Structures are given as structure tokens and as C-alpha cells.
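Number of protein chains: 2
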Amino acid sequence: MSATVSPLAPKHFADMPAIRGVAMATAAAGIKYKNRTDVLLMAFDRPASVAGVFTRSKCPSAPVDFCRKNLPHGVARGVVVNSGNANAFTGVKGRAATELTAQSAAAALGCAEHEIYLASTGVIGEPLDATKFAGVLGEMASTAKGDFWLEAAKAIMTTDTYPKVATRSAEIGGITVTINGIAKGAGMIAPDMATMLSFVVTDADIAPAALQQLLSEGVGPSFNSVTVDSDTSTSDTLMLFATGAAADDGQVRVNAADDPRLATFRAALNDLLKDLALQVVRDGEGARKMVAVTVKGAESHAAAKRIGLSIANSPLVKTAVAGEDANWGRVVMAVGKSGEAADRDRLAIWFGDVRVAVHGERDPDYSEAAATAVMQQEDISITVDIGLGSGEATVWTCDLTKEYVAINGDYRS
Amino acid sequence: MSATVSPLAPKHFADMPAIRGVAMATAAAGIKYKNRTDVLLMAFDRPASVAGVFTRSKCPSAPVDFCRKNLPHGVARGVVVNSGNANAFTGVKGRAATELTAQSAAAALGCAEHEIYLASTGVIGEPLDATKFAGVLGEMASTAKGDFWLEAAKAIMTTDTYPKVATRSAEIGGITVTINGIAKGAGMIAPDMATMLSFVVTDADIAPAALQQLLSEGVGPSFNSVTVDSDTSTSDTLMLFATGAAADDGQVRVNAADDPRLATFRAALNDLLKDLALQVVRDGEGARKMVAVTVKGAESHAAAKRIGLSIANSPLVKTAVAGEDANWGRVVMAVGKSGEAADRDRLAIWFGDVRVAVHGERDPDYSEAAATAVMQQEDISITVDIGLGSGEATVWTCDLTKEYVAINGDYRS
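Chains as they are written, first to last, in this note's numbering: chain A, -6 to 406; chain B, -6 to 406.
Shown next, in the form of C-alpha cells:
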């Protein structure tokens, strides 16, 4: 948590309604930070359908292992999240910490341990002392409340400069349902996935398998299309819970993700995921500018995405953006290094609406002043037309500033 | 070229002997820089055997295309290198510039255009005005001299803070031969290859095919094992020329790379290539520390190298090094994101000689003070034992500092 809020932060937070079927509480356990909350409990009145997507790291954290193990059961009664310590690369001690936490949470909520989900974020490699918060979960369960989303988002922050919340509504078979989400993340952000934790809850009544498919599809153009620094966390966790409370209004349970009744729900969910993902990029460590990189004309959508990420992860592109330098030659470099098919003499590049290069060379009408004016904006779009096919993708990143170096040069100490 | 020399620069330059059969001249053509040389001509008395390795970028520069086209002819009479403009992404104008330069050089040296090799380094995307130096190549050819290596290295610098030279000697069939090399490069340095130009010349008499095989094998553990910023240039060029002058001493021409008479030559060449490659890393933009990353116990050598590069390219690892922070958790992260097989619970990690992690958790004898003492050194080694196989590789990188951001935020302007 930083004293200075990112200049790219939203001007105001979404007004987060309560979601029937879920209550939350936070506590200040002093895991790493002083004078702030660092533990979140989410409690579901009844077993909620659950879906999850996790880091692809080969060295995942103990909580990620724990969640993966529970997911096949398909139902959740509680979620415990702590910030300040990732409980990653902590060996036997790490597993013991997840077990202690799960036992305490299950006792507090009167449920089975496989109905508990866990996430930890913070420093890697230091043993997590779960006794610091396991003892207070009972009290947290008894004081949890529904109108607590912003506080929940605050408790899971690490180097974040602002809490990330979003809400949407949709209709399923004529019944209005709500989707709320929180997220944290600022550095160690790369697909797949962004280094972040995100928890999304809806009162819709949707079966676990359908929920999982919705989430797996939704993560591609959202959290898996943002990068701050190309570094993939050991802890990335995105979970979606459906409390099913809308069944009380007559919403008929949906069992299949391709059910046409899910059309507006799917759109609302995807929009919310993108909203949260972009909030993570806008809080990129040291970020001063947000960059949307769109690649079109690639051989395939996947190729377009890889080229886009090659541009978005390039330190030389990102430092040029920081310096407000319309250095499109570095975009050419990043296209060339992506490994995807490209024909230099068909490439065209735009900064904002200003075409800077076409047919493999500088645009005949190139205006340095016009390009620089684009770079001076806070939100910048870079568009590349590869000229070979119809593959298209957009990814988002931020600039690479001296502040990123400063933040990460002494984060642990 | 920077006013401040990298603190990692060699304490003194190698004493470079002349190499029989090659002469050099430089000129100040004002391509981009003021008050310094920016054009180099290398002239071979007789057709020299030639080998080359070039960028794998899908958007190579016009000179790279030109060299690739000439290489099958196998012989060189001249090399023209300019700094300040990469002649990359310059379309038809770029090809015209290479043709003009080659014509002028061929006329100056009295040889065919396919005996000329070209390289350009600097800004991408701006048309190169080759008329600025094409006219002086005749005079350069007439004043070229053999004892000019350090000056040659200076003329090809861009953001380099010092010229890079190296020399070695070897024996072929009892005859002593010499190998000299120069290189430039500081940023946009990544395999494959490092963004750099390097020209190596020997007086040995070796046939082109053998020379090519020696060079292709030598580039792997040298220039293709260093990274400054993961960004691959459009212009990377490494060339090896053999003037054959040692034939005058009785050296019998070698036609095959596996000829046992090449044993000491191969070792000397590989050592020289590594020397030059490490000089490039030590001049990494903004670098204050040099890092050797060794990965052992991987499933294969190739897997070890990919894991090593994942660590060496991680902005979070590199900023931690800049901050003298023994943040080994980020090394775990980088191993995990590499995509290669890893078993968290078998990993061991050393900073220098200090083992910081073993069996998937912090070393029981971990000493923060000892680890920090390693990080305060100028030269740092990071060793990771994956614990799965016998694959091993070492790659080299530098730290990521605020100066890197500053240098690249306003390089072009």
C-alpha cells in the first residue's frame, strides 16, 4: 500500500450493493503491515457454486495448491485471504499454514474444510504464521456483513495504491441478478495470469461446471490480456462464486454455460472482469500512463495476442512511453522479436489516430508533433496492422518508470 | 555514447595487435552524432573467408538483408559500418541506401559488390542518408591502417559508454594465428541475438564453410547467452573474417570445422566471443551490477537456458539486484514462469556461495546478512538447482536501474 495514489486511479469507486448470500469481515492481524487490515473472510450463507482460475506457474503457492484440490467439490462456504505474505515456496510449513487456516475457518463457519478457499499475497519464501489470524476467524464470522465490499478490497492490497471494486447487473430468465468483484494487483502482473487475486460473487443460481466455463472463457480477454512487467506470480487466483440467492426470486438454476438465458450474464461478467483487470494495470507499479495495444491483420487471434504482448512487455517500448517519445521503431522491433509471421513491408503503425508508419517505412505524412501530442496523453493506444490475415487482439499495459525500479528495488526490505 | 563510463567497464583495454590482411579507417560523417566518428571501413587485401550470424527478428534491417544475400559467395573484401541510424524499417529507401554504400565501397576497394558487407546501428525507422559517407569511402580506403582496432570500436558505438575490443592467439598446425574482435551494444540486448554488432578478424586460413560452423557454434554460449532487457534488435550482426595471411607462414588451409588442427583456434575464438559478449552486458544501459545466472539440474541444457533467461529477463529480479535486495522469492517466481519442468520442493537457490533456499523453502541456516553481503558486490552469481536432471547453462545479465529508464525514455529525442 503506497502513500501516493496512482494518477491513473478511477476518479471514484463504484457504489457496491450488497449481494444476498455473502457477508464479509476484515481484521488487522499484523502479518506484515501495521495499522491496516490484512485478513479478509468471505462467508456464504449456503454452499455457493464455485469456479477458479489459477497461476500457470510451475512453482505455485500453498493456497493455490489447496484451492485446486478443493475445486472438484464445486461448493464454497468460506474464503480466507491474507495480504503481506504469499505463503509461497514455504514447503511443509506452508501446507501446515493452509491446513490450520482451513480448519479454523471451517470451525467458524460450521462447514467442511473442502468448502473453504484460501489465497495469500505478499512476500514469497517467508513462512506464514497463520496463528496470527486463525484464532480470530470465529469472531470475524459472527460480525461479517454484506455491505462491506470496499473494505474487503482494501484488506487484500499489497503494493496497490487503491482498492479495486466493480459491480454489474444482468438478467437471467427475467430475474435481475448482481455481480460484484474485488481485485488486488500492481506488480508481478503478466499473463497467464496477471499476478493478482480477484474474487467475484453473484447471487445468480448457476451450477459449478457452467460457472467454471464462464470464468475460463472470461479470463482470456481480461486478466490474461494485461501485463505490467511480464512477471508471472506464484499466487494468481481468480474465483467466481454464485450464492444462488436469486432462486428466492424465482430464478431457475442454470446448469450449462451455453444456455441462452446466460447471454446478458455472460456479457456483464466479461465486462466486470475487464473492468477489474484494467484497474490492475492502472495501478501498475510506478505507472503514469496506460497503454492499449491492438494488433490486427495477424495470421490468427493467438498470433495477434502474442505480438501484442511482445510489444506490451518490451522494456524499450514501455520506457519510450514513459518518456513521451513516439519511438515507433521500437514497436517494429517488438513485432520482429515476437516470433510470429510478419512482413516488414506490409506493417502499419498508429499512435492514437496518427499513422506513423505504413508499407514498411515512415508514413509520408508523418508529423512528429502530432505523434508526440498523442504520447503526452494519459491514455495511449498503439495499433499495429500486420497486413497478413484477420487475427486481432488487444492487450493492456502501462509505462515503465523510474518509480517502478524504486518500488521494486526495496519492496521486501 | 554517454559521458559517464559504466562502473562495470574493464579497467583497461586489451592491447590490440594488427592483423595481417586487414586495414581500417573511420570518419565523422555527422549521421546523428556531432564531434565523433560514426563510419568504419574494414578493407581486406585479398578476398577473406567470411561467416555471419544475424538477428532472428522477423523485421530485419536492410543491411542484414544485404549481408544475408552476399554470404553464400563466401568471400569479403570490405565492411562498412555506420552508427547513429540503423537503416531498419526504411523500405525502398533503405535498400537504395545499402546499394549506394555497396557500390561506393566496391569502387573504392576495386572489388565486386557481393564482396562488401554492411551494418548499421542506431535509430530505427529514419531514412539513412548514405550520401553522407559514401563519397568518402575512397579516401578512407587509401588511408586505412592495421593498427586501428580501438578507433574502429569507437566509431560503431551508440549508447555504449566504452569501446569493446578483445584479442586472442592460437596455433593451427604449429603456426601462430591471431584473432581480434570489436563489438558494440548496450541496450536492446537479448538472445537471439544480443542487439549488437561485432566484427571478428583472424589471419588464419580457414575455408568459409568451416568458419561459418565455428561461428554458429560459438555464438550459443556467448552472444546468445546474454541479455540486458529481453529486447531483440532488427540489426544484430556478428561476422567472422579469415584473411588467410597466415598461409604466408606456412599455415595449411583448413577446410572442415571438425579438423583437429582447429582445437586451440576454436577455444580461443569461443573465449574471445564470450569476452566481447560480457563486455556488452557490462555496458548494459544503466547497469551497476553484473549478474551470472547458472541453472543446473534441469531436464536438458536447453531447458536450463530457458529457465536462466526467465530469471535474467525478469524485471522484478533485476530491480531487486539493483536494490541490493536478496529477494530470492522472485527467483522462484521466474523459475515458475519459465514453463519448464520444475518441482518446487526440490529447488535450491544460492546467491554467491550463500544457499538461501533448499527443498522448496528457505534454508534453515539462512542468513540475511550473508545474502545481503553478496548482493552488495559488483559481480553477483545466482545459482539455481532444479533437482530434476543434468541440464546446465549459464547466462549473463545486469541490473535494472532508474538510469535504464532515463536513458531509454529520451534516447531518440
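No residue lacks a Cβ here, since even glycine has one placed at the ideal position from N, Cα and C.
Only a predicted model underlies this, so the values are computations on that prediction, with no experimental measurement involved.
Would you call the CB atoms of residue i and residue j closer than 9 Å?
i      : j       : result
A:W389 : A:S218  : yes
A:A176 : A:S191  : yes
A:V288 : A:T220  : no
B:T19  : B:S228  : no
A:Y110 : B:P308  : no
B:S42  : B:F234  : yes
B:F82  : A:A350  : yes
A:I172 : A:R254  : no
A:S113 : A:A36   : no
A:T387 : A:P214  : yes
A:A200 : A:N248  : yes
B:G322 : B:R337  : no
B:A159 : B:V170  : no
A:T154 : A:S(-1) : yes
B:G290 : B:D356  : no
B:V325 : A:G118  : yes
A:E278 : A:N78   : no
Contact criterion: CB-CB distance below 9 Å. Does residue i meet it with respect to chain B?
i       : result
A:C52   : yes
A:Y404  : Annotation note: pLDDT 45 at A:Y404 (below 50); position unreliable, no value reported.
A:E354  : yes
A:D140  : no
A:S331  : yes
A:A79   : yes
A:F82   : yes
A:K27   : no
A:P0    : no
A:V328  : yes
A:S(-5) : Residue confidence for A:S(-5) is low, a pLDDT of 48 falling below 50, so the modelled location carries little weight; the figure read from the coordinates is stated next. No, because no Cβ of chain B sits closer than 9 Å to the Cβ of A:S(-5).
A:K177  : no
A:Y110  : no
A:A313  : yes
What does DSSP give as the partner residues of residue i in its beta bridges?
i      : result
B:E106 : B:E106 pairs with nothing; no bridge assigned.
A:V314 : A:V314 pairs with nothing; no bridge assigned.
A:W389 : A:V219, A:A285
A:K138 : A:M17
B:E164 : B:T169
B:S307 : DSSP output for B:S307 lists no bridge partner at all.
A:D378 : A:K289, A:A341
A:F234 : A:V43, A:V194
B:E354 : B:V351
B:A36  : B:A16, B:G71
B:L111 : B:V73
Comparing the C-beta of residue i with each C-beta of chain A, is any distance below 9 Å?
i      : result
B:W321 : yes
B:I412 : The requested residue 412 of chain B does not occur in the structure, where chain B is confined to residues -6 to 406.
B:A250 : no
B:N401 : yes
B:A183 : For B:A183, the predicted model reports a pLDDT of 39, less than 50, meaning its position is unreliable and no value from the coordinates is stated.
B:M189 : no
B:G87  : yes
B:R337 : yes
B:A123 : no
B:P56  : no
B:G316 : yes
Assign residue i to buried or exposed, taking buried as 16 or more other Cβ atoms, counted over all protein chains shown, within 10 Å of its Cβ.
i      : result
B:E132 : exposed
B:Q272 : buried
B:L393 : buried
B:V85  : exposed
A:G243 : exposed
A:R299 : buried
A:K282 : buried
B:E210 : exposed
A:A187 : No answer about A:A187 holds up, because its pLDDT of 33 lies below 50 and its placement is not dependable.
A:S331 : buried
Does the beta carbon of residue i come closer than 9 Å to any beta carbon on chain D?
i     : result
B:R49 : As a matter of chain content, chain D is missing from the structure shown, whose protein chains are A and B.
At a cut-off of 8 Å, would you count residue i as near the ligand FMN, judging by its Cβ distance to the nearest heavy atom?
i     : result
A:K51 : Absent from the structure shown: the ligand FMN. Ligands present: none.
What are the residues in the segment 272 to 301 of chain B lying within 7 Å of chain A by C-beta distance? none
For the segment 144 to 172 of chain A, which residues have a beta carbon sitting closer than 9 Å to at least one beta carbon of chain B?
-> none
Mind listing which residues of the segment 343 to 373 of chain A have their C-beta closer than 7 Å to chain B's C-betas, in chain order?
-> A350, H352, G353, E354, R355
Self-check item: Interface residues of the segment 383 to 395 of chain A facing chain B [CB-CB below 8 Å]
Solution: L393, T394, K395
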